[in-house]
Each structure stands twice: as structure tokens, then as C-alpha cells.
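Asker: Quick note on numbering: the working numbering labels position 31 of the sequence shown as 64, and the sequence is numbered without any gaps. Can you keep this structure in mind? I'll have questions shortly.
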Amino acid sequence: MAETTVAVVGAGLAGCLLATLLGRRGLAVDVYERRDDPRRAGAERGRSINLAISARGLDALGRVGLDERTLDDALPMRGRTLHSPTGALAYQSYSADGTRAINSISRAGLNHALLDRAEQTPGVRLRFGHRLTGVDADTGELTFDDGGSARAEVILGADGAYSAVRRSIQHGMDLHQDFLPHGYKELTIPARDGEFALDPASLHIWPRGASMMIALPNTDRSFTCTLFWAKADFAALDTPERVLAAFREHYPDAVPLMPTLAADYLANPVGSLVTVRCEPWVRGRVGLVGDAALAIVPFFGQGANCAF
Numbered sequence: 034m035a036e037t038t039v040a041v042v043g044a045g046l047a048g049c050l051l052a053t054l055l056g057r058r059g060l061a062v063d064v065y066e067r068r069d070d071p072r073r074a075g076a077e078r079g080r081s082i083n084l085a086i087s088a089r090g091l092d093a094l095g096r097v098g099l100d101e102r103t104l105d106d107a108l109p110m111r112g113r114t115l116h117s118p119t120g121a122l123a124y125q126s127y128s129a130d131g132t133r134a135i136n137s138i139s140r141a142g143l144n145h146a147l148l149d150r151a152e153q154t155p156g157v158r159l160r161f162g163h164r165l166t167g168v169d170a171d172t173g174e175l176t177f178d179d180g181g182s183a184r185a186e187v188i189l190g191a192d193g194a195y196s197a198v199r200r201s202i203q204h205g206m207d208l209h210q211d212f213l214p215h216g217y218k219e220l221t222i223p224a225r226d227g228e229f230a231l232d233p234a235s236l237h238i239w240p241r242g243a244s245m246m247i248a249l250p251n252t253d254r255s256f257t258c259t260l261f262w263a264k265a266d267f268a269a270l271d272t273p274e275r276v277l278a279a280f281r282e283h284y285p286d287a288v289p290l291m292p293t294l295a296a297d298y299l300a301n302p303v304g305s306l307v308t309v310r311c312e313p314w315v316r317g318r319v320g321l322v323g324d325a326a327l328a329i330v331p332f333f334g335q336g337a338n339c340a341f
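The following block contains the structure:
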């Protein structure tokens, strides 16, 4: 049975950042991830929703030397543009002088950079294809679905809102998981004649009461859009004709900018939105961090938003 000082479960943003920080303190760290290496496998379709990083996230990334690189790959959004059902626009700056910004960046791209940084850190080992099935909080033993096992002095669960680590230690825990009746779906506004189809210095929002669509810019001059709708509304649009009719009614100015709208809508999955609260966060040798402990997030199935 392999032994190490610290086992981090989950190689998402939080897990990779945590492993790098611990490795820089001279600790031996094994990072266990259920997925194959996403740098080689690629992002799952419809799961690449952008992040909007501000001061807190940049501070966290600066501690591992990735703040400047992140900003090089990011696009500053200095305000939000609201799109009305008539197509009229209203702009709201994020600061009085118009200079402050939040930064749009690819979640997958940032995860890749953090994986690289963790892998480059002495004492840190990345172990992909390890789906956790159980944790013993007293002995520090981890078991995996291939029959393998490992042991660590400390186990840190950074494996997201559906944490397998938390599930192993949740007996007697004050745990609340609330699933919203809404879900989310990713769409795309591609570049138009090689340029942005919308203002790239803005976060675009189509507010529609109980639902909305947002769009964040990418460095390839596209926009990643996310629909936040009631799940029943997603299910009702089951043909290209119904998809286009609904968008022409609710997002008329976006339809001409989305040439593959109907195909993307029907192909991309609907994700769940979940609120997680648990206490205590520590039991024996095990601690929970990030979305595994406290989250109001889309469920991506991996560690996600700890410091971002």
C-alpha cells in the first residue's frame, strides 16, 4: 500500500492549488483524480463554462506564480451589458471611474495551468484515473474502484459538490444539499468575420425574471454563453424549431449571432445547480475544502471554485 504525507482528492482548481502550496512547504503530496488527465482528454462538451476572476482569485493564483499568466490569458470585463427583450442595451460599469474589471478566463485553461504548476512542484504527484470509493478517517486509508488502496497522514477532499470524501465521513455530519429547480446549459457565440460579435470588455446578461442567459468573452473572440433556466423549460424545447422559436421570443438579438444554436442546444447537457453546507469539515485525518464543504455552485463533478 502506497503511503504519503498528504493525499488531495480532486485535481480541479482547488485541489491543484492546494497541492502546489503544500508541496512548496516541503510536504509529499499525492493528488488523486477520477478523470483521465484533462490536458490530454480535452474538456467534456458543454462543461467549459468560463470563470470571472477578481482580486481574491488573482491573490490565490499569485501565491503559486500564476497571476500574471492568468491575466495574459484573460479578458477584462469592466462592466455588464444588459440585453432587453426588444434588443435595447443598458451598460453598467463595475467601478465609478470605469477602470476596475473582473476577468473572463476559460475554466479548462486555468485548470490545465494549475495542473502543470502542481506537476512541476517537487514532492507533488498527480494520479489520474483513480475513482475514490472510500476513506477511513481513523487510519488514513483510501480505497479506489480498481481495488487499489493508499494511505496518508492527512486526506483533503477537494472533489467538489458531490464529494466522495465527504460521503465517506458524513455519518453524524450536519449536511444539507439543496438542488435548485433550475439548471444550466452552455452555448456559444462564435467570432464574426474574425472579430467579437459583442463588446468584449463586458459581461453580457439577458435577464428574464426567473431565468437568464449570460455571455463571457474568450481570447479566440468567441463568447461562452450559459443559460440558467427551470429544468422543465429545458425539457420543453426538444426540436430545432422549438429552440429557435423560444430564442427568437426571449433573446432576439442573440439568435443571429449563434449559427449553430439549435444543434448546440440539443447536443449539450443540462447541468444541475446545488447548494452544499456541512459541519464539521474535519474528522480524524480527513478535512474538506472548497465545494466539498460549502458551495452554491453548478455541479461539474470535480473540485471547482474554492478560491475563485
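Each residue gets a CB set at the ideal place from its N, CA and C atoms; glycine is no exception. Model, not experiment: these values are computed from the prediction.
Under a three-way DSSP split, which group does ARG73 fall into?
Answerer: Translated into the one-based positions of the sequence shown, residue 73 becomes position 40. It is helical.
Asker: Measuring CB to CB, does VAL168 end up less than 8 Å from VAL319?
Answerer: Locating residue 168 in the sequence shown gives position 135, where the first residue counts as 1. Locating residue 319 in the sequence shown gives position 286, where the first residue counts as 1. In this structure, VAL319 lies closer than 8 Å to VAL168 by Cβ.
Asker: Do you know offhand how far CYS339's Cα is from ARG102's?
Answerer: Position 306 of the sequence shown, counting from 1, holds the residue named residue 339. Position 69 of the sequence shown, counting from 1, holds the residue named residue 102. Residue confidence for CYS339 is low, a pLDDT of 32 falling below 50, so the modelled location carries little weight; the figure read from the coordinates is stated next. Between CYS339 and ARG102, the C-alpha separation is close to 19 Å.
Asker: Would THR132 be called buried (16 or more neighbouring beta carbons within 10 Å of its own) or exposed?
Answerer: As a first step, residue 132 must be located in the sequence shown, where it is residue number 99. Flag for THR132 reads exposed.
Asker: Taking 6 Å as the limit between beta carbons, can you name the residues of its chain near LEU277, skipping five residues before and five after?
Answerer: Taking the sequence shown and counting its residues from 1, the one referred to as residue 277 is at position 244. Once the five neighbours on either side are set aside, the close Cβ partners of LEU277 are ALA295.
Asker: Taking only runs of the alpha helix (DSSP H) that begin and end inside the stretch 170 to 234, which ones reach a length of at least 4 residues, in chain order?
Answerer: Entirely contained in the stretch 170 to 234, the alpha helix (DSSP H) runs reaching 4 residues are, in chain order, 197 to 202.
Asker: Have a look at the DSSP bridge pairing and note the partners of ILE135.
Answerer: On the sequence shown, residue 135 is found 102 positions in, with the first residue counted as 1. In DSSP, ILE135 forms a bridge with MET110.
Asker: Across which residues does DSSP place CYS311 in a beta bridge pair?
Answerer: Residue mapping note: residue 311 aligns to position 278 of the sequence shown, counting from 1. Answer is LEU208, bridged to CYS311.
Asker: At the level of alpha carbons, what is the spacing between LEU54 and ARG275?
Answerer: Along the sequence shown, read from residue 1 onward, the residue named residue 54 stands at position 21. Along the sequence shown, read from residue 1 onward, the residue named residue 275 stands at position 242. Using only the alpha carbons, I get a separation of about 49 Å.
Asker: Confirm, please, whether the CB-CB distance from ALA197 to VAL322 is below 8 Å.
Answerer: As a first step, residue 322 must be located in the sequence shown, where it is residue number 289. As a first step, residue 197 must be located in the sequence shown, where it is residue number 164. Cβ distance not < 8 Å, so VAL322 and ALA197 don't count as in contact.
Asker: Where do the ends of the beta strand (DSSP E) carrying GLY320 lie?
Answerer: Counting from one through the sequence shown, the residue named residue 320 turns up at place 287. Its beta strand (DSSP E) spans residues 319 to 321.
Asker: On the premise that THR166 lies in contact with ILE56, defined as a C-beta separation below 8 Å, what is that separation, rounded to the nearest angstrom?
Answerer: Counting from 1 along the sequence shown, the entry for residue 56 is found at position 23. Counting from 1 along the sequence shown, the entry for residue 166 is found at position 133. The amino acid at residue 56 is misidentified as Ile; the sequence shows Gly. No, GLY56 and THR166 are not in contact; Cβ-Cβ is about 26 Å, not under 8 Å.
Asker: Candidates THR38, HIS163, ILE138 and SER139: which alpha carbon is nearest ALA44's?
Answerer: Residue numbering aside, residue 44 sits at position 11 when the sequence shown is read from its first letter. Looking at the Cα atoms, HIS163 is the closest of the given residues.
Asker: From which residue to which residue does the beta strand (DSSP E) around ASP62 run?
Answerer: Here residue 62 corresponds to residue number 29 of the sequence shown, with the count starting at 1. Per the sequence shown, the amino acid found at residue 62 is Val instead of Asp. First-last of the beta strand (DSSP E) with VAL62: 62 to 66.
Asker: What residue ranges within the stretch 251 to 321 form continuous beta strand (DSSP E) runs of no fewer than 3 residues, ordered along the chain?
Answerer: Within the stretch 251 to 321, the complete beta strand (DSSP E) runs of at least 3 residues are 256 to 263, 304 to 312 and 319 to 321.
Asker: Straight-line CA distance for VAL303 to ARG200?
Answerer: Here residue 303 is taken as the residue at index 270 of the sequence shown, counted from 1. Here residue 200 is taken as the residue at index 167 of the sequence shown, counted from 1. Going by the C-alpha atoms only, they are around 24 Å apart.
Asker: So, is GLU66 buried or exposed, given that buried needs 16 or more other C-beta atoms within 10 angstroms?
Answerer: Stepping through the sequence shown from its first residue, residue 66 is reached at position 33. So GLU66 counts as buried.
Asker: Within its chain, find whatever has a CB closer than 7 Å to the CB of ALA52; leave out the 5 residues flanking it on each side and keep chain order.
Answerer: Stepping through the sequence shown from its first residue, residue 52 is reached at position 19. Here the set comprises VAL41, VAL62, VAL64, ALA151 and VAL157.
Asker: Check for me: the beta strand (DSSP E) holding ARG96 runs from which residue to which?
Answerer: Walking along the sequence shown from the start, residue 96 turns up at place 63. Looking at the DSSP string, ARG96 is not in any beta strand (DSSP E), and its letter there is neither H nor E.
Asker: Just reading off the alpha helix (DSSP H) that ALA146 is part of, what are its end residues?
Answerer: Indexing the sequence shown from 1 puts residue 146 at position 113. Counting along the chain, the alpha helix (DSSP H) containing ALA146 begins and ends at 140 to 152.
Asker: Following the continuous alpha helix (DSSP H) through ARG57, name the residue where it begins and the one where it ends.
Answerer: Translated into the one-based positions of the sequence shown, residue 57 becomes position 24. Per DSSP, ARG57 belongs to the alpha helix (DSSP H) from 46 to 57.
Asker: Going by Cα to Cα distance, which pick from ILE247, PRO285 and PHE161 is closest to ARG68?
Answerer: If you number the sequence shown from 1, residue 68 lands on position 35. Here the closest residue by C-alpha is PHE161.
Asker: List the endpoints of the continuous beta strand (DSSP E) containing ALA123.
Answerer: By one-based count along the sequence shown, residue 123 stands at place 90. Unbroken beta strand (DSSP E) run through ALA123: 122 to 126.
Asker: Considering just the uninterrupted stretch of the beta strand (DSSP E) at ILE86, what are its terminal residues?
Answerer: Here residue 86 is taken as the residue at index 53 of the sequence shown, counted from 1. Where ILE86 is concerned, the enclosing beta strand (DSSP E) stretches over 84 to 86.
Asker: Would the stretch 108 to 124 and the stretch 233 to 249 be scored as touching if the rule is three or more Cβ pairs under 8 Å?
Answerer: Output reads yes: the stretch 233 to 249 touches the stretch 108 to 124.
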